[in-house]
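Chemist: Here it is, the structure in full.
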Amino acid sequence: MMNELLDAERVWFRLLRVNTRMNSVIADRLREIGLSVPQCDILTTLTEQEGMSQQDLARRLYVTKGNISGLVDRLVAAALVERRTIPGDRRSHAIFLTEDGRRMAMEAIAVQKRFVEETFAKMPADRLADFEKLVIEVRDLVRAAANVQEPAIGTAMQNKVRTTSPPRARIRSVGS
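Mapped onto my numbering, the consecutive letters of the sequence shown carry residue numbers 20 to 195.
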């Protein structure tokens with residue numbers, strides 16, 4: 020039992036390290052196109068579902084409403100998103116991509132896809148399929164340990180690479 024625990028701890032630590040390294044590489048590459056990882060998260064999420072409220076965006080991205088508010092403020096100032104009043108609710112706004120925001124989101128998705136091509140896509144298909152099964156198993160165990168209800172993820176995400184984070188940078192993927 021003790022050896023199994025040590026093995027599990029070693030694998031857990033390696034997973035944390037590789038996740039940190041992947042997030043760092045993605046952050047550096049996104050910075051080259053003028054985006055932070057959280058900004059990328061918002062833009063790519065809006066390519067899947069525009070018109071979300073800031074509250075819904077915060078819930079979807081696992082961040083606070085205050086954090087989303089500041090990020091959206093900066094994206095509005097950069098003319099990448101716009102706020103539109105939600106009819107019947109003067110206090111809430113729906114967030115939409117501008118044309119520049121949509122272009123930037125597509126560029127960010129391309130950055131992520133290139134990273135996947137340089138890494139995961141080099142794995143043999145059978146090993147990648149096995150790895151995906153393990154990742155899903157770990158995800159389910161983490162969800163059970165956290166006893167957290169995850170938001171539904173639309174089918175549009177199934178065909179997109181996306182940044183996933185516990186708690187920050189996210190690579191979008193099926194059911195993350």
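From the three backbone atoms N, C-alpha and C, an ideal C-beta is built for every residue, glycine too. Just so it is clear, the structure is predicted and the values come from calculations on it, not from any experiment.
With distances taken from CA atoms, which of E101, Q58, P106, E67 is nearest I87?
Modeler: For the residues E101, Q58, P106, E67, the minimum Cα distance to I87 belongs to Q58.
Chemist: Any chance the CB of S43 is under 7 Å from a heavy atom of the ligand GDP?
Modeler: Ligands in the displayed structure: none, and consequently the ligand GDP is not present.
Chemist: For Q68, count neighbouring C-beta atoms within 10 Å of its own C-beta (all shown protein chains included) and say buried if the count is 16 or more, exposed if not.
Modeler: With fewer than 16 other Cβ atoms within 10 Å, it is exposed.
Chemist: What's the gap between the Cα of R48 and the Cα of G120?
Modeler: Distance between the alpha carbons of R48 and G120: 17 Å.
Chemist: Just the C-alpha distance for P106 and L116, rounded to the nearest angstrom, thanks.
Modeler: The alpha-carbon atoms of P106 and L116 are separated by roughly 18 Å.
Chemist: Measuring straight from C-alpha to C-alpha, what distance separates S55 and D92?
Modeler: Approximately 14 Å, taken between the alpha carbons.
Chemist: Count the other CB atoms within 10 Å of the CB of M125; is the residue buried (16 or more) or exposed (fewer)?
Modeler: With fewer than 16 Cβ atoms within 10 Å of its Cβ, M125 is classed as exposed.
Chemist: Measure from the alpha carbon of T130 to the alpha carbon of each residue in D159, T63, A27, R36, then state which is nearest.
Modeler: The question names Thr, but residue 130 is Val in the sequence shown. Of the listed residues, the one whose Cα sits closest to V130 is T63.
Chemist: Grab the span of the beta strand (DSSP E) containing T111 for me, first residue to last.
Modeler: The sequence shown places Ser at residue 111, rather than the Thr named in the question. 108-116 is the span of the beta strand (DSSP E), which, as asked, contains S111.
Chemist: Under three-state DSSP, which class holds S72?
Modeler: In this structure, S72 counts as strand in the three-state DSSP scheme.
Chemist: Which residues share a DSSP beta bridge with I105?
Modeler: Paired residue(s): D108.
Chemist: Grab the span of the alpha helix (DSSP H) containing G85 for me, first residue to last.
Modeler: Note, G85: alpha helix (DSSP H), 84-96.
Chemist: Consult DSSP for R33 and reduce its assignment to one of helix, strand or coil.
Modeler: Helix at R33.
Chemist: Between the region 99-114 and the region 68-81, do three or more beta carbon pairs fall short of 8 Å?
Modeler: With the cut-off at 8 Å, the region 99-114 and the region 68-81 touch.
Chemist: Determine the extent of the alpha helix (DSSP H) in which I155 is found, giving its start and end residues.
Modeler: I155 -> alpha helix (DSSP H) spans 144-165.
Chemist: Below 8 Å on the Cβ atoms is my guess for K99 versus M123; work out the distance and round it to an integer in Å.
Modeler: The displayed chain sequence assigns Leu, not Lys, to residue 99. About 6 Å separates the two Cβ atoms, so the contact holds.
Chemist: What distance in whole Å lies between the Cβ atoms of I45 and F134, which are believed to be in contact at a cut-off of 8 Å?
Modeler: Right, the Cβ-Cβ distance comes to about 6 Å (below 8 Å), so this counts as a contact.
Chemist: Given a threshold of 16 other Cβ atoms within 10 Å of its Cβ, counted over all protein chains shown, does T138 qualify as buried or as exposed?
Modeler: It is exposed - the Cβ of T138 has fewer than 16 other Cβ atoms within 10 Å.
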